[in-house]
Amino acid sequence: MLHFQSPGAILFQLGPLTIRWYGLFIALGFVAAVMVATRFARRWQLDQDKVINSSFVGFIGGIAGARLYYVALSWSQFARNPLEMFATWNGGLSIHGGIIFGMISGLTFARLSGLPVLRMMDMAGCAFPIAQCIGRWGNFFNSEAFGLPVDKSFPLALYIPEVSRPPKFATNEFFHPTFLYESVWNLAVFLFVYFFASKKLAGYPGVTFMVYLALYSIGRLLIEPIRTDSIMADTIPVPIIASAAMLILALIAIPALVFYHRKNTPSEG
């Protein structure tokens, strides 16, 4: 049995400056994503500066989109103090919003920079899961994104301080570490798309991203039902709706892209 808990949200303070673990892991995730992106830039002989700039624009757009998506779905939390929506260091970033707005902003900039959009999508499909894998640990330090209560004898139990527990679970101490489940799932997705899909599907630009999107969505659909903090649409968690929609999109897009590339690739002989 392994019990663990967050040491606190703050990494260190220097005068009025407060550095939080959450921000550190978001930054580390971005650095890892850029490293992956530049590796693909070399493989595909793309301008590395343009790729890095597109990654940065996508990152900024993704963070902004992740926050706006979360705020829009949780407006009752911000209605009395709208300025609180800018306090991203306290958490409250939606992965689905980040994917949508990050892709829109990053790909728009890439297209304007003369980079191949479908190749950039595949690059994102390999960069996103490693960034998500690392970024999820920010949730650990913030004592958020945990799951339903578990017994103390559960093999892997996360202790949550009373101040961070949902009211209906105020007397429970240990919970599913769903942030860890998703981090491990994202790592597995990264290893698959980076070492296998991106090579085997190199002749079908755009498909690797859709494979990532499908795999991430499957993992989220499996993990989300045991989360305690899901934003609800009536009785259904919004992330389940978003994940199901993304999975359907990916399952339609994969054969469509394969058909498109086969049809438009000149046959030999």
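The sequence shown begins at 1306 in the numbering used here and counts up by one. Just so you know, even glycine gets a beta-carbon here, dropped at the ideal spot from N, CA and C. Bear in mind the structure is a predicted one, so any value in this text is a computation, not a measurement.
Ranked by Cα distance from residue 1557, the options 1350, 1516 and 1354 are led by 1516. Close CB contacts of residue 1324 within its chain, under the 7 angstroms cut and outside five residues either way in sequence, are with 1316 and 1317 (chain order). The alpha-carbon separation between residue 1564 and residue 1507 amounts to approximately 14 angstroms. When the beta-carbon positions are compared, residue 1338 and residue 1432 come within less than 8 angstroms of each other.
Here residue 1385 is exposed. Its C-beta has fewer than 16 other C-beta atoms within 10 Å.
Here residue 1464 is bridged, per DSSP, to 1310 and 1479.
Around the beta-carbon of residue 1408, 16 or more other beta-carbon atoms lie within 10 Å, marking it buried. Look at residue 1452 here: in three-state DSSP terms it is strand. Residue pairing for residue 1537: DSSP places it in a beta bridge opposite 1542. Per the DSSP secondary-structure output, residue 1323 pairs in a beta bridge with 1318.
Taken through DSSP and simplified to helix, strand or coil, residue 1532 comes out as strand.
By the neighbour-count criterion, in which 16 or more other beta carbons inside 10 Å mark a residue as buried, residue 1410 falls on the buried side. Here the alpha carbons of residue 1415 and residue 1421 stand approximately 7 angstroms from one another.
In the displayed model, residue 1352 falls within coil according to three-state DSSP, outside both helix and strand. Contact between residue 1479 and residue 1463 is confirmed by a C-beta separation of about 7 angstroms, below the 8 angstroms threshold. Considering only 1352, 1417 and 1465, the residue with the shortest C-alpha distance to residue 1313 is 1465. Taking C-beta separations shorter than 6 angstroms and ignoring five residues to either side along the sequence, the partners of residue 1343 in its chain run 1353, following chain order. For residue 1570, the secondary structure class from DSSP, reduced to helix, strand or coil, is coil.
Spanning the alpha carbons of residue 1391 and residue 1569 requires a straight line of approximately 46 angstroms. Just so you know, the alpha carbons of residue 1532 and residue 1471 end up roughly 11 angstroms apart. With respect to the 8 angstroms criterion, residue 1553 and residue 1378 are not classified as neighbours on the basis of their beta carbons. Excluding sequence positions up to five before and after residue 1477, its CB lies within less than 6 angstroms of the CB of 1454, all in the same chain and listed in chain order. Residue environment analysis places residue 1389 among the exposed positions, since fewer than 16 neighbouring C-beta atoms fall within 10 angstroms of its C-beta. Apart from the 5 residues on each side of it in sequence, residue 1559 sits with its Cβ closer than 8 angstroms to the Cβ of 1512, 1515, 1516 and 1519 in its chain, given in chain order. For residue 1567, the closest C-alpha among the options 1509, 1545, 1521 and 1530 is that of 1509.
Ranked by Cα distance from residue 1439, the options 1449, 1425, 1491 and 1382 are led by 1491.
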